[in-house]
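This report concerns only the one structure given below.
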Amino acid sequence: MFAQEFRHSLRALQRSFGFALTAVLTLAIGIGTSTAMFMIVDSVLLQPLRYRDSGRLVAVWEQVQTLALGPIGPNPRHVDFWTKRSKTIESFALVQQASIGLSIPGADHPQLVGVVSASAELFNTLQVKPLLGHGFLPEQGLEARDSVAVLSYSLWQNSFGGDPQIIGKTVRLGEVSRQVVGVLPPQFHFPNRNALRAFQSKQTASHVPEPSIFVPVAFDWKGFSWNGEYGNWVALARLRTGVRMQTAQSELDAIEAQLVASIPTNERDSRPGALRAFLQPLQHAVVGEVSMGLWLLLAAVLGLLGIGCVNLANAQMARSLTRSREASVRAALGATRWSLVRSVLLENLILASAGGLLGVWFAQEALALLRLSSPVDLPRLAEVSLNGTVLLVSAGLMMGAAVLFSVLPALRVLRGDLQVSARATGSRQTAGLHRWLIGAQVFGCTVLLLVTGFFTKSLMQVMTQEKGFETEQVAVAQINISAQTYGSPKSRVALIDSIVANLREVPGVQVASFVSAMPLEGESWIESVRRDDRPTVQQPLMNLRWVGPGYFETMRHKLVAGRFFEERDRDAHSVILSEAQARSLWPDSSPIGGLLTTQGRQFTVIGVVADSRISSLKAPPTRTAYLHYRDRSGATLYFVARGVQQPSALVPEMRAAIWRHSPDLTIVRSMTLEEQVRESLATERFQTFVLMSFGGCALLLAMLGIYGILSYSVASHRQEIGIRMALGADRRQIYRDTLGEVFTPVFVGLGCGLIASLGLVMSLKRLIYGVKPFDPALLLAVSALFLVAAGVAGYLPARRAASVDPMEALRME
């Protein structure tokens, strides 16, 4: 019996091939996007981290009242203090991520790889057993014994050909040779710095490759001050078995109080709450920043699938009327109502299954494309896979879709008179159902469109706001240097001078310079500053940036007072302040010539520049002090150049100019400043693009639904329209009444959608910048767009209704 009904359903769908193809493709897109998004949500947010007993892993942060930055990476000396006293935490590990050049035999330049510098307890804390060799041994955390490295599986395969004899061989990282002691298993993935960063507040992530090499660090705890070094390291910890996080937090609070009491008086901040440490589940630390955005996108695709199912339900309702004669014949031959309902359900199950299987394939291909060219650095992306949970959810979506667009046709069969249905042309009850379906479609579409509108307007606001600098015709490059070759300030200054000179010799380059931090990658080197003639006034915090002569001209910062850096400032202690910083220190007078102290040194103010969003486009301008680069220490250098040629043509010339100094220098990245702007907004651009795609699809589906319902209504009420026109109704009245059938549910759905959207946007306001949750212009724009779309969708059916020939309609049976 089932096989016979299955063959009958297949033949019925074959006769309606156009409808079947449309239904399968609609479901494939809806189920495919929903499956793909759930696959990401499941692997990134729901599945535990792939470490043994990962629920016991935590990140440990410190909050320093004087910095007013929220949670940041702790002082390493404080972590050593916790380690010696904690009874609830099994082990601590300190980690720091960067990028470094790996010398490959036969290559012209070093290969850029991500490096994780960590305390020797890292792999014990994560409880990871290497595939080959071993992890860090306790003695490798001591000086002169730390020249070892552990490779990731992908680096071992791609750069060393999976050499089984790799253990014991030497690799060259920067200027240091290290012995390979282990290779990690393929399923091991360490969080990228973009996911696990030392600044959890006011700090965007710097660009680093995926972690590929792990090296131990020999810590000299006495070399760290008690009150500093915040935000340079991340602390990971593993709780002891059976210990709850609240218990460990209480113990850590007590230890932190002991720590504050033991800090020397000249470094101690004795104010209550001046220094706090707190625990955070490691999984939340890794994925917490992206969780809201992923749930939003999943809700959007499920809404799109729902709108598609409503459309298919409408199409099935119309199709059930055209097949009513067939149903009557089958009923006359003995078919029961339940057998007819079973036939409807089977047809829709076939459609949903075909659409679902195609959708799962689509989801797999979309995931491969996302891995290949993801515009955002999504944490745990490498772990995303099609698993049993995802397949169950996909199967549930198939069954849910089949039931959803089968309900109304099935109810029609159960409630209707099959003998009358062969001659029926529609009913008030059916028309009412159609109006409810239109309202539901409009509601879902309005929510999607309005949320999309807020994200789009937010992105446009961020991209078009005043930056305080110009991005056109500028290229930037980042290089890493080794402490062995460029350990002294003199050697670093000589390197910078040489590269800047090379850049200025490039044909078409107007000006080039050095800066200590990549533009638009967050705040850096936050310090307090004191005006020397008012030492008792509260010391405000500021960002320090080291720059060279020509930097402000390259970026085209506006000079407010004084002058920019010149070559004569090389041997002087000069500083240039941002306007907000100058105003906070000298509110009633000119700062030019004034003296201030930071980092224990005195500087003379020589200039003031206009405030700029050089740290982030999504935050207010930061208070900044610019110092001459001769005082700059560190292993990462940034260069900027402005030219008359296209910046994309300038980028390779910058690389050549840098390597002209030394081909062994590791260029981490080089790009145009406009590309850096786009990269800094990659997450916002991706979310907005996806939402715009979903919103456009939802609007198109809603228009098709309105068109289909009105077309069905006109066809089923053709006689009634003919009679009305024969009794004197004119075309204008027919137009008005036909469109009125749609606009009533459209207005209801639109109003409910606007109200629901406002509540949703309020909950998403931390993802939206520069746009108020209640934006009348945006509300009117979305309403006008939908009303115009509804009018366009309803025009052709209304025109067809107004063109009915009364005599022809009256002759219809």
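Counting from 2, one number per residue, gives the positions in the sequence shown under this note's numbering.
Glycine included, each C-beta is placed from N, C-alpha and C at the ideal position.
Exercise for the section: Go through its chain and collect everything with a Cβ distance to MET40's Cβ below 7 Å, but skip five positions before and after it. Expected result: ALA364, LEU368, VAL385, LEU387 and VAL391
Practice task
Give the secondary structure of GLU528 by DSSP, where H, G and I count as helix, E and B as strand, and everything else as coil.
Solution key: strand
Problem - Cβ contact check for the region 480-490 and the region 591-603: 3 or more pairs under 8 Å - result: no
Handout entry: Distance, LEU450 Cα to LEU780 Cα
Key = 10 Å
Exercise for the section: Taking only the alpha-carbon atoms, compute the straight-line gap between ILE607 and SER575 and give it to the nearest angstrom. Expected result: 6 Å
Handout entry: 6 Å CB neighbourhood of VAL244 in its chain, flanking five on each side removed
Key = THR89
Exercise for the section: Assign LEU283 to one of two classes, buried (16 or more other C-beta atoms within 10 Å of its C-beta) or exposed (fewer than that). Expected result: buried
Problem - Residues bridged to GLN281 (per DSSP) - result: ALA60
Practice task
Please work out which residues of its chain come closer than 6 Å, Cβ to Cβ, to LEU359, disregarding the five sequence neighbours upstream and downstream, and give them in chain order.
Solution key: ALA29
Exercise for the section: With a threshold of 16 other CB atoms inside 10 Å of the CB of VAL645, please say whether the residue is buried or exposed. Expected result: exposed
Handout entry: Between the CA atoms of LEU174 and MET763 - distance to the nearest angstrom
Key = 49 Å
Problem - For ILE168, the three-state DSSP class (helix, strand or coil) - result: coil
Problem - Spatial neighbours of VAL516 in its chain, beta-carbon cut-off 7 Å, leaving aside the 5 residues before and after - result: ARG546, VAL548, TYR552, TYR639 and VAL641
Practice task
Please list, in chain order, all residues of the same chain as VAL805 whose beta carbon is under 7 Å from its beta carbon, the five residues on each side excluded.
Solution key: ARG719, ILE722, GLY723 and MET726
Problem - Per-residue burial, HIS285 [other beta carbons within 10 Å of its own, 16 or more giving buried] - result: exposed
Problem - Distance, SER87 Cα to ILE256 Cα - result: 8 Å
Exercise for the section: Tell whether a beta-carbon distance below 9 Å holds between LEU127 and PRO217. Expected result: no
Exercise for the section: Report the partner residues of SER178 according to the DSSP bridge assignment. Expected result: ARG173
Handout entry: For VAL149, three-class secondary structure by DSSP
Key = strand
Practice task
Report yes if the C-beta distance between SER514 and SER616 is below 9 Å; otherwise report no.
Solution key: no
Handout entry: Beta-ladder partner(s) of LEU596, from DSSP
Key = THR605
Exercise for the section: Tell me, please, which residues DSSP counts as bridged to VAL494. Expected result: None, per the DSSP bridge assignment.
Handout entry: When PRO111, VAL59 and SER591 are compared against THR667, the one with the closest alpha-carbon
Key = PRO111
Practice task
Give me the Cβ distance between LEU438 and ILE756, rounded to the nearest whole Å; I'm assuming they're in contact under 8 Å.
Solution key: Their Cβ separation, rounded to whole angstroms, is 20 Å, which puts LEU438 and ILE756 out of contact at 8 Å.
Practice task
Mark THR36 as exposed unless 16 or more other C-beta atoms lie within 10 angstroms of its C-beta, in which case mark it buried.
Solution key: buried
Handout entry: Inter-residue spacing [alpha-carbon to alpha-carbon] between LEU303 and LEU253
Key = 43 Å
Exercise for the section: My understanding is that PHE455 touches ILE769, with C-beta atoms under 8 Å, so please give their C-beta distance in whole angstroms. Expected result: 6 Å
Problem - Alpha carbon of ALA150 to alpha carbon of SER579, nearest angstrom - result: 43 Å
Problem - Coarse secondary structure for MET672, derived from DSSP in three states - result: strand
Handout entry: Neighbour-count burial assignment, ASP731, 16 or more Cβ in a 10 Å radius
Key = exposed
Problem - Sequence-distant residues of its chain with Cβ nearer than 6 Å to ILE264 (five each side left out) - result: TRP227
Handout entry: GLY729 in three-state terms, based on DSSP
Key = coil
Problem - Alpha carbon of GLY134 to alpha carbon of TYR52, nearest angstrom - result: 19 Å
Handout entry: Pair within 9 Å by beta-carbon distance, ALA636 and ALA219
Key = no
Practice task
Quick one: grab the DSSP three-state call for MET543.
Solution key: strand
Problem - Simplified DSSP state of ALA620, which is helix, strand or coil - result: coil
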